[in-house]
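K.L.:
Could you have a look at this structure, given as structure tokens, before my questions?
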């Protein structure tokens with residue numbers, strides 16, 4: 118155990134299961150440990166590193182803004198914040214007309230739940246089994262996994278969970294008491310399950326019929342990950358509230374809720390945040406959004422993701438039950454628990470994530486090279502046939 122690991126173990130909260138790896142540097146889709154070993158990063162900051170590591174344009178935007186102004190709460194106007202809000206709205210083709218800036222995905226979900234209640238005057242929510250939306254009390258209430266929920270119950274009441282991709286069950290529970298339905302386009306933490314058009318478009322129809330709001334959680338799938346800038350575009354949806362975070366600011370902490378036209382007027386004082394809309398983070402986000410568009414990273418994710426999924430599906434390995442994904446969010450469901458194989462992949466120079474007990478999840482930066490994906494496929498084949 119290194120000195121760094123000893124210090125973290127001594128002083129950290131204890132909330133995290135640590136891997137025996139000290140990361141000190143990154144470049145593109147590679148990470149380097151304190152011994153100089155390189156790893157292909159398919160953790161991708163758990164979805165926050167879509168632009169890869171040490172992006173020069175992001176670093177320059179941070180540097181330039183930090184010399185001008187670091188802190189500016191929303192009681193004042195700010196040029197970087199204004200530019201970012203306008204850019205976000207324009208990138209959705211004005212499907213949304215307002216935005217709330219915060220610091221993380223779970224904060225975005227909390228805000229969306231509050232907005233839904235105040236806008237509709239209702240208190241009930243519908244969410245999906247296997248869905249993951251965060252770990253604060255409201256976000257946790259619409260999250261499904263019992264191991265996260267049970268230690269903190271009772272949670273926010275009035276939440277019903279239905280099977281994902283089961284429109285018949287959804288139809289049975291959405292009614293005139295529903296404030297909002299909250300769904301992911303691809304369930305990431307829940308096992309990399311893409312939604313069907315029938316289910317997702319049906320949810321929108323039901324929300325419109327009963328006056329409920331549709332919250333789409335794109336915290337992991339947003340900003341090019343699935344082959345579109347936002348994954349809801351695959352299904353031509355019109356969400357009322359869009360929760361985004363992770364890669365919005367090139368890896369720096371930021372979240373946002375984009376607010377649609379069906380949401381009622383929101384009055385001052387209903388919600389707030391000290392650091393949301395921070396000028397330095399906004400500058401990074403403005404640079405990041407430009408990179409996604411100018412470098413055509415969503416299109417790149419679609420092409421490379423299709424290739425990667427295709428190559429993984431060619432692996433004739435009995436241990437593999439199914440390969441699924443959309444763009445560069447990819448899961449391999451195994452017939453055994455996944456933890457030992459994540460450790461073996463690390464020894465082979467590939468860092469990956471679990472998604473539940475039996476799914477290997479890959480969230481590489483969108484700047485990953487095809488040759489690096491080939492290396493990942495080679496090492497997956499090696500590890501799963503040991």
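Numbering (the working numbering), first residue to last: 118 to 503.
Even glycine gets a Cβ: it sits at the ideal position worked out from N, Cα and C.
1) Between 246, 274, 223 and 275, which has its C-alpha nearest residue 263's C-alpha?
2) Applying the 10 Å Cβ sphere with the 16-neighbour rule, what's the burial state of residue 364?
3) Here's the rule: buried if 16 or more other CB atoms are within 10 angstroms of the residue's CB, otherwise exposed. What is residue 351?
4) Report the residue ranges of all beta strand (DSSP E) runs contained in full by the region 240-324; include only those spanning at least 3 residues, in chain order.
5) How many angstroms separate the CA atom of residue 268 from the CA atom of residue 196?
6) Which residue from 460, 491, 415 and 459 puts its Cα closest to that of residue 338?
7) Which residue marks the beginning of the beta strand (DSSP E) containing residue 450, and which one marks its end?
8) Once DSSP output is grouped into helix, strand and coil, what is the label at residue 479?
9) If you run the structure through DSSP and keep just helix, strand and coil, what is residue 399?
10) I'd like the list of long-range same chain contacts for residue 484, defined as Cβ closer than 7 Å, with 5 residues on each side in sequence excluded.
11) Please check if any C-beta of chain B sits within less than 8 Å of the C-beta of residue 481.
12) Rounding to the nearest angstrom, what Cα-Cα distance links residue 313 and residue 395 in this structure?
13) Going by other Cβ atoms of all chains shown within 10 Å of its Cβ, with 16 needed for buried, is residue 209 buried or exposed?
14) How is the alpha helix (DSSP H) around residue 335 delimited, first residue to last?
15) Would you kindly report the start and end of the unbroken beta strand (DSSP E) that includes residue 349?
16) Quick check: what's the CA-CA separation for residue 358 versus residue 207?
17) Give the straight-line distance between the Cα atoms of residue 163 and residue 133, rounded to the nearest whole angstrom.
18) Return helix, strand or coil for residue 441, following the three-state DSSP convention.
19) Could you give the C-beta distance for residue 362 and residue 188, rounded to a whole number, given that I count them as a contact under 8 Å?
20) Note down the Cα distance separating residue 332 from residue 459, rounded to an integer number of angstroms.
21) Looking at the unbroken beta strand (DSSP E) that takes in residue 149, where does it start and where does it end?
22) Determine the direct distance from the alpha carbon of residue 417 to that of residue 261, and round the result to whole angstroms.
23) Output the residue ranges of the beta strand (DSSP E) runs that lie fully inside the region 151-206 and measure 3 residues or longer, sorted by chain position.
24) Using 8 Å as the threshold, is the C-beta distance between residue 277 and residue 243 below it?
25) Closest to residue 427 by CA distance: which of 445, 410 and 436 is it?
26) Excluding the 5 residues flanking residue 227 on each side, which residues of the same chain have their C-beta closer than 7 Å to its C-beta?
27) Can you tell me whether residue 384 is buried or exposed, with buried defined as 16 or more other CB within 10 angstroms of its CB?
P.N.:
Here's the rundown:
1) For the purposes of this step, residue 263 is identified with residue 146 of the chain shown, where counting begins at 1. Residue 246 is the option with its Cα nearest to residue 263.
2) For the purposes of this step, residue 364 is identified with residue 247 of the chain shown, where counting begins at 1. With at least 16 other beta carbons inside 10 angstroms of its own, residue 364 counts as buried.
3) Translated into positions along the chain shown, residue 351 becomes position 234. That one is buried.
4) Taking only runs of at least 3 residues, the beta strand (DSSP E) segments lying wholly in the region 240-324 are 241-245, 276-279 and 295-301.
5) Residue 268 sits at position 151 when you count from the first residue of the chain shown. Residue 196 sits at position 79 when you count from the first residue of the chain shown. Looking at the two C-alpha atoms, the distance is approximately 43 Å.
6) What you label residue 338 is simply residue 221 of the chain shown in a count that begins at 1. For residue 338, the nearest C-alpha among the options comes from 415.
7) The residue labelled residue 450 in the question sits at position 333 within the chain shown. Counting along the chain, residue 450 sits inside the beta strand (DSSP E) bounded by residues 446-451.
8) Position 362 of the chain shown, counted from the start, is the residue given in the question as residue 479. Here residue 479 sits in strand by DSSP.
9) For the purposes of this step, residue 399 is taken as residue 282 along the chain shown, with counting starting at 1. Secondary structure at residue 399: helix, using DSSP grouped into helix, strand and coil.
10) Working through the chain shown from its first residue, we reach residue 484 at position 367. For residue 484, the CB contacts under 7 Å within the same chain, skipping 5 residues up- and downstream, are 145, 146, 168 and 169 in chain order.
11) Protein chains in the displayed structure number just one, and chain B is not present.
12) Here residue 313 refers to the residue found at position 196 of the chain shown. Here residue 395 refers to the residue found at position 278 of the chain shown. Cα to Cα, residue 313 sits roughly 37 Å from residue 395.
13) For this step, residue 209 is matched to residue 92 along the chain shown. Counting every other CB atom within 10 Å of its CB across the protein chains shown gives residue 209 a total of 16 or more, marking it as buried.
14) The residue labelled residue 335 in the question sits at position 218 within the chain shown. Looking at the DSSP string, residue 335 is not in any alpha helix (DSSP H), and its letter there is neither H nor E.
15) Along the chain shown, one-based indexing puts residue 349 at 232. Counting along the chain, residue 349 sits inside no beta strand (DSSP E), nor does DSSP assign it H or E at all.
16) As a working note, residue 358 is residue 241 in the chain shown. As a working note, residue 207 is residue 90 in the chain shown. For residue 358 and residue 207, the distance between alpha carbons rounds to 15 Å.
17) Walking along the chain shown from the start, residue 163 turns up at place 46. Walking along the chain shown from the start, residue 133 turns up at place 16. Note on geometry: alpha-carbon atoms of residue 163 and residue 133 lie some 14 Å from one another.
18) Here residue 441 is taken as the residue at index 324 of the chain shown, counted from 1. Residue state, collapsed to three classes: strand.
19) By 1-based counting over the chain shown, the position of residue 362 is 245. By 1-based counting over the chain shown, the position of residue 188 is 71. No, residue 362 and residue 188 are not in contact; Cβ-Cβ is about 20 Å, not under 8 Å.
20) Locating residue 332 in the chain shown gives position 215, counting from the first residue. Locating residue 459 in the chain shown gives position 342, counting from the first residue. Those two C-alpha atoms are separated by around 33 Å.
21) Against the chain shown, residue 149 aligns to sequence position 32. Here the beta strand (DSSP E) through residue 149 covers 147-150.
22) Taking the first residue of the chain shown as 1, we reach residue 261 at position 144. Taking the first residue of the chain shown as 1, we reach residue 417 at position 300. When rounded, the distance between both Cα atoms is 32 Å.
23) Taking 3 residues as the shortest admissible run, the region 151-206 contains the following complete beta strand (DSSP E) segments, listed from N- to C-terminal end: 155-158.
24) By 1-based counting over the chain shown, the position of residue 277 is 160. By 1-based counting over the chain shown, the position of residue 243 is 126. Closer than 8 Å, so yes.
25) In the chain shown, counting from the first residue as 1, residue 427 sits at position 310. The residue from 445, 410 and 436 with its alpha-carbon nearest to that of residue 427 is 445.
26) What you label residue 227 is simply residue 110 of the chain shown in a count that begins at 1. Excluding the 5 residues flanking it on each side, residue 227 has same chain C-beta neighbours closer than 7 Å at 253, 255 and 256, in chain order.
27) Position 267 of the chain shown holds residue 384. With a 10 Å radius around the Cβ and a threshold of 16 neighbouring Cβ atoms, residue 384 comes out exposed.
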